[in-house]
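Each number in our numbering comes from the position in the sequence shown (counting from 1) with 70 added on. Backbone N, C-alpha and C fix where the C-beta goes; we use that ideal spot for every residue, glycine too. One structure is given here, and the rest of the page talks about it.
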Amino acid sequence: MDEEPIAPGPAPENPRASSAGRGGWSELLHNPRFLLLEASGALSSAGYAIYAVTVLYLAYGLTGNLLLAGLVLFLEYGIYTLTFLFAPLVDRAKDKRTILLVCFPIQAATAALLAGELAHGTLTTPVLLGAVAVLAIFWDLAWAVYMIAPRIVVGTDRLFAAGGVSSALGVGTRIAGYAGGGALVYFVGPPGGAATYAILLLLAAVVTVPLSLRGATAPEEPFGRAFARGWAAFRGRVGRPLRQFAALEVVYGFFVALPPLLVTLIAYERFPDPSAAYGLLVAVYVLGGAAAGIVVGHYNPRRSVGLLIVLAPVLAGAATLALLAVPADLVLIAGLFALVDAALSARHEAKYAWVQAVFPPDQLGRAVSNIYLFTGLSSSIAALTIGLLSAVLGPAGVVATAGVGFLAAAALAASIPFVRRMRF
């Protein structure tokens, strides 16, 4: 019945799903729709990685402190939280590909404008923030599509495997994106990064043209009603576990925003050549996350989602605090950042595989977006708050805040029975 509220529950079991164990990669690599989806996502993600490197480096370099960099992240994360407002439209789209084909050209034009302003030396802070806002809005819509697309092209039993394949195929593009972004900053400057982002977005649009993302479509109903139905799972006694999980995401979301700032801060504060250090640290950081995605995808821990959500922040917190004890050794620091992103990526894969599996397919866009709201809102506040307080806390204080915060998030997760029992 379409009157039933969206609500999480165990995904319907079938013999194939219940027997699904490790691996499953070969099956996905022979799925043309999945490969097109991966190619589209890899190109746009590589471009975004270059942009992320460029914009943070530029923001920090313009002011010499974390305030503008924090403001950029605050704006990005704040806009990302607005996905829940557009999610009913994503659910209603008959072919989700259409959304990507609208978003990519607009983003490409904005990135090209940013590159031109940088090349001519006319970029101002308002123009920079305006470009960041436009890019974030349309990246937000594309993100919602990519988050629900795996459920359209693969079964629930292979969601972890799909995440693993995504990590495996994305290692090269993501590393090339972040390392390439660092290289562009070093050899060409920020204009090269913005121009490359525009080119990769256009290529992503080309690859997306033959991709069909027709899946379950939300019924036609007034926007307000569709919006309310997306939040129905959070109401009343039945929604109490989800509200507890949302509270956890608020705490976790605050601290998960800090590692990118830490990479920027440590590159500038601890190394004589921040450009070279920054490029390497970002590349190794992403490599750690990609490796974790491959491992989690192979082992397909459908019955251990809660365990991953509890333990991953412990590893992230320990590795972050270890940054306080190690000398200014680029290899050691890069290794610790790799562990941080490995932990965060494993948790991310577990959480969203669970969301994709247990919520109704025709309302999945709203489920993903509503749950992200809590993480994203907290992350946007964190980016601005830490940017403002960084001068008071100092580099060591920022690192310590992130490390202790991850451990606190792990303790909170362990205290919630619903989180410990998360599985599908």
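Worksheet entry | Neighbourhood of Ala268 by C-beta distance below 7 Å, restricted to the same chain and skipping five residues each side | Ala178, Ala181, Ala182, Ala185
Discussion item. Rounded to the nearest angstrom, what separates Trp209 and Cys173 at their Cα positions?
Written reply: 7 Å
Discussion item. Taking only three categories from DSSP, how would you classify Arg305?
Written reply: coil
Worksheet entry | Per DSSP, cross-strand counterpart(s) of Asp165 | Arg284
Item to complete: Might you give, ordered along the chain, the residues of its own chain that have their beta carbon closer than 6 Å to the beta carbon of Leu193, omitting 5 neighbours on each side?
Response: Glu187
Discussion item. Between Ile207 and Ile149, how many whole angstroms is the CB-CB distance? I'm expecting something under 8 Å.
Written reply: 6 Å
Fill in: With 16 other Cβ atoms within 10 Å as the buried cut-off, status of Arg310
exposed
Item to complete: State whether the region 261-278 contacts the region 391-400, with contact taken as three or more CB pairs (one from each stretch) at a distance under 8 Å.
Response: no
Worksheet entry | With 16 other Cβ atoms within 10 Å as the buried cut-off, status of His418 | buried
Fill in: Helix, strand or coil at Met492 according to DSSP, with G and I counted as helix
coil
Practice prompt. With a threshold of 7 Å, establish whether the CB of Val468 neighbours any heavy atom of the ligand ZN.
Written response: The model depicted lacks the ligand ZN and carries no ligand whatsoever.
Worksheet item: What is the residue span of the alpha helix (DSSP H) that Leu328 lies within?
Response: 328-340
Worksheet item: Could you give the distance in angstroms between the alpha-carbon of Ala427 and the alpha-carbon of Ser450?
Response: 27 Å
Worksheet item: CB-CB under 8 Å to Gly323, same chain, minus the five flanking residues each way: which ones, in chain order?
Response: Phe444, Thr445, Gly446, Leu447, Ser448, Ser449, Ala452
Worksheet entry | Local conformation of Phe444 per DSSP, three classes | helix
Worksheet item: First and last residue of the alpha helix (DSSP H) that includes Thr390?
Response: 375-392
Worksheet item: Quick one, are the C-beta atoms of Leu394 and Val326 less than 8 Å apart?
Response: no
Discussion item. If contacts are defined as beta-carbon pairs under 8 Å, then Ile222 and Gly306 qualify, I think. What distance do you get, rounded to the angstrom?
Written reply: Not a contact, Cβ separation roughly 30 Å.
Worksheet item: Buried or exposed: Ala81, going by 16 or more other Cβ atoms within 10 Å of its Cβ?
Response: In this prediction, Ala81 has a pLDDT of 40, which is less than 50 and means its spatial position is unreliable; nothing more can be read from the coordinates.
Worksheet item: Looking at C-beta atoms only, is the number of pairs between the region 351-363 and the region 408-422 that lie closer than 8 Å three or more?
Response: yes
Practice prompt. Kindly indicate which three-state DSSP category Gly475 falls into: helix, strand or coil?
Written response: helix
Fill in: Short Cβ contact (8 Å threshold) for Asn370 with Ala231
yes
Discussion item. Within a Cβ cutoff of 8 Å, which residues of the same chain sit near Ser110, ignoring the five residues on either side of it in sequence?
Written reply: Leu170, Ala274, Val277, Thr278, Leu281
Discussion item. With distance defined between alpha-carbon atoms, name the residue in Asp432, Gly475, Lys421 nearest to Val489.
Written reply: Lys421
Discussion item. Our contact map puts Ile379 next to Met492 with C-beta atoms below 8 Å; I'd like the distance itself, whole angstroms only.
Written reply: 7 Å
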